[in-house]
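Visitor: Got a structure for you, questions after.
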Amino acid sequence: MLLALYLLEAGLLLILAPWTQFWDRNYFAALAPSVASWLTHPYVRGAVSGVGIVSVAGALIEIGMMLSRGAATPRA
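1416 is the number of the first residue of the sequence shown in our numbering; add one for each residue after it.
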């Protein structure tokens, strides 16, 4: 259950964070302007969001497996 919650939370954060002001005003990006231009590129933002989508999909698969296991085993 904890793995599914972690994957869901991390996935949602990775999907949404690259498109917010938080991503644009990153501390590490401010230290190196070349990193800032790389981090704000739409392809990089899309790649990070893609990792988030994969994480959410993993969470949904994990939840589905837990529900199917719970339905298959009778409770005492």
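All C-beta atoms in this analysis are idealised placements derived from N, C-alpha and C, irrespective of residue type, glycine included.
Could you check the C-alpha separation between residue 1478 and residue 1466 for me, to the nearest Å?
Guide: Here residue 1478 refers to the residue found at position 63 when the sequence shown is read from its first residue. Here residue 1466 refers to the residue found at position 51 when the sequence shown is read from its first residue. Cα-Cα distance, rounded: 18 Å.
Visitor: Which word fits residue 1426, buried or exposed, when buried means at least 16 other C-beta atoms lie within 10 angstroms of its C-beta?
Guide: Here residue 1426 corresponds to residue number 11 of the sequence shown, with the count starting at 1. Result: buried.
Visitor: Under the rule that 16 or more other beta-carbon atoms within 10 Å means buried, what is residue 1462, buried or exposed?
Guide: Within the sequence shown, residue 1462 is the residue found at index 47, counting from 1. Counting Cβ neighbours within 10 Å, residue 1462 comes out exposed, since fewer than 16 surround it.
Visitor: In three-state terms, what does DSSP make of residue 1447?
Guide: To locate residue 1447, count along the sequence shown from 1; it is residue 32. Coil.
Visitor: On the criterion of 16 or more Cβ atoms from any shown chain inside 10 Å, does residue 1433 qualify as buried, or is it exposed?
Guide: Working through the sequence shown from its first residue, we reach residue 1433 at position 18. When all chains shown are included, residue 1433 counts as buried.
Visitor: DSSP on residue 1416, reduced to helix/strand/coil?
Guide: Numbered from 1 along the sequence shown, position 1 holds the residue referred to as residue 1416. Three-state DSSP puts residue 1416 in coil, outside helix and strand.
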